[in-house]
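In what follows, a structure is listed as structure tokens, so that the remarks can point back to it.
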Amino acid sequence: MHPEELRAIADDFEIGGHTMTHPHLTRIPLAQASDEIERSKRYLEDVLQRDITAFCYPYGHYNSQVKRLVQQHGYMLARTTRRYAFDVPHDPFEMATSFHTYAHYSDLPTIFRFSHWSLAQMKTYWDWEQLAIALFERTCQQGGLFHLWGHSWELEKTNGWQKLERVLAYIATMSHVVHQTNTEALTTLQRKVHL
Numbered sequence: 060m061h062p063e064e065l066r067a068i069a070d071d072f073e074i075g076g077h078t079m080t081h082p083h084l085t086r087i088p089l090a091q092a093s094d095e096i097e098r099s100k101r102y103l104e105d106v107l108q109r110d111i112t113a114f115c116y117p118y119g120h121y122n123s124q125v126k127r128l129v130q131q132h133g134y135m136l137a138r139t140t141r142r143y144a145f146d147v148p149h150d151p152f153e154m155a156t157s158f159h160t161y162a163h164y165s166d167l168p169t170i171f172r173f174s175h176w177s178l179a180q181m182k183t184y185w186d187w188e189q190l191a192i193a194l195f196e197r198t199c200q201q202g203g204l205f206h207l208w209g210h211s212w213e214l215e216k217t218n219g220w221q222k223l224e225r226v227l228a229y230i231a232t233m234s235h236v237v238h239q240t241n242t243e244a245l246t247t248l249q250r251k252v253h254l
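Here the sequence shown is numbered in this note's numbering, starting from 60 and rising by one per residue.
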């Protein structure tokens with residue numbers, strides 16, 4: 060992605076570090092992992108002329124050593140790829156997500172439970188658009204954080220852009236919902252804890 064494109068996106072979205080070459084950080088030497096984490100942050104800060112405070116572990120893979128490196132390089136939080144989490148994160152360097160804009164066969168048990176073992180409901184929720192909206196509504200009713208994420212290449216591969224647009228349009232109709240980046244949500248939560 061060109062620097063101009065990054066700057067344009069950063070006007071409306073939080074951009075976080077994700078390494079330079081997308082390696083499995085737990086499978087490479089720590090010195091190399093450290094370099095990947097640090098260079099990604101430095102590059103983005105140079106291009107965007109702002110602090111980069113959020114990180115996402117490539118493939119969601121991390122361990123205590125990788126987590127420590129992310130902290131040492133000045134990030135405030137790191138996101139995992141763990142899904143179906145709606146609670147306030149206990150560890151800002153193990154921030155889970157609520158929903159991934161992609162249908163995973165490994166999600167079938169969760170979909171069955173959420174649909175109360177109804178085959179008709181399960182078929183509805185196999186469509187990630189419907190499941191995302193249902194989970195968002197559940198979060199609105201029960202409270203918590205709703206964290207939606209996805210990859211552009213997955214949306215391209217599955218013709219999912221229109222689904223994403225409809226989900227986001229639906230979320231935008233909820234005037235009582237606070238829309239925040241990961242860093243904003245973490246800052247808000249930390250303020251509440253210290254009150």
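Just so it is clear, CB atoms sit at the ideal spot from N, CA and C, and this is done for glycine as well.
Beta-carbon proximity of residue i to residue j, cut-off 9 Å
i: E132; j: S93; result: Rather than Glu, the amino acid found at residue 132 in this sequence is His. Yes. Within cutoff.
i: A155; j: A144; result: yes
i: V125; j: Y134; result: no
i: R250; j: H206; result: no
DSSP bridge partner residues for residue i (one or two, in chain order)
i: R138; result: C115, M154
i: G76; result: F114
i: Q208; result: A quick correction: the sequence has Trp, not Gln, at residue 208. According to DSSP, W208 bridges with H159.
Residue i Cβ short of 8 Å to the ligand FAD heavy atom set
i: T78; result: The model on display carries no ligand, and the ligand FAD is accordingly not part of it.
Residue i to residue j span [Cα, whole Å]
i: L84; j: G219; result: 29 Å
i: L128; j: E97; result: 9 Å
i: A228; j: E188; result: 12 Å
i: A231; j: W208; result: 16 Å
i: D110; j: E104; result: 6 Å
i: Q91; j: G75; result: 19 Å
i: S174; j: T240; result: 29 Å
i: H81; j: Q201; result: 36 Å
i: K197; j: H149; result: A quick correction: the sequence has Arg, not Lys, at residue 197. So the alpha carbons of these two residues sit roughly 21 Å apart.
i: Y164; j: E95; result: 31 Å
i: A260; j: P168; result: In the structure as shown, the chain begins at 60 and stops at 254. Residue 260 is therefore absent and cannot be evaluated.
i: R101; j: W176; result: 48 Å
i: F72; j: L65; result: 10 Å
Chain-order list of residues whose beta-carbon lies under 6 Å from that of residue i (same chain, five-residue window excluded)
i: L245; result: L136, P151
i: D146; result: G203
Top-ranked residue by Cα proximity to residue i, from the options
i: F114; options: Q130, A179, I68, W176; result: Q130
i: H210; options: E153, P88, T160; result: T160
i: R142; options: P82, I74, V106, A191; result: A191
i: L204; options: V106, F158, Q180, A69; result: F158
i: I68; options: V106, M79, K100, T78; result: V106
i: F195; options: R101, V226, K100, N122; result: V226
i: P62; options: T78, M181, L248, Q108; result: Q108
i: R118; options: T112, C199, H77; result: Going by the sequence as given, residue 118 is Tyr instead of Arg. That would be H77, whose Cα lies nearest to the Cα of Y118.
i: S123; options: Y102, T112, E95, L89; result: L89
Cβ-based neighbour list, residue i, same chain, cut-off 7 Å, excluding 5 preceding and 5 following
i: T183; result: Q189
i: W185; result: A162, I170
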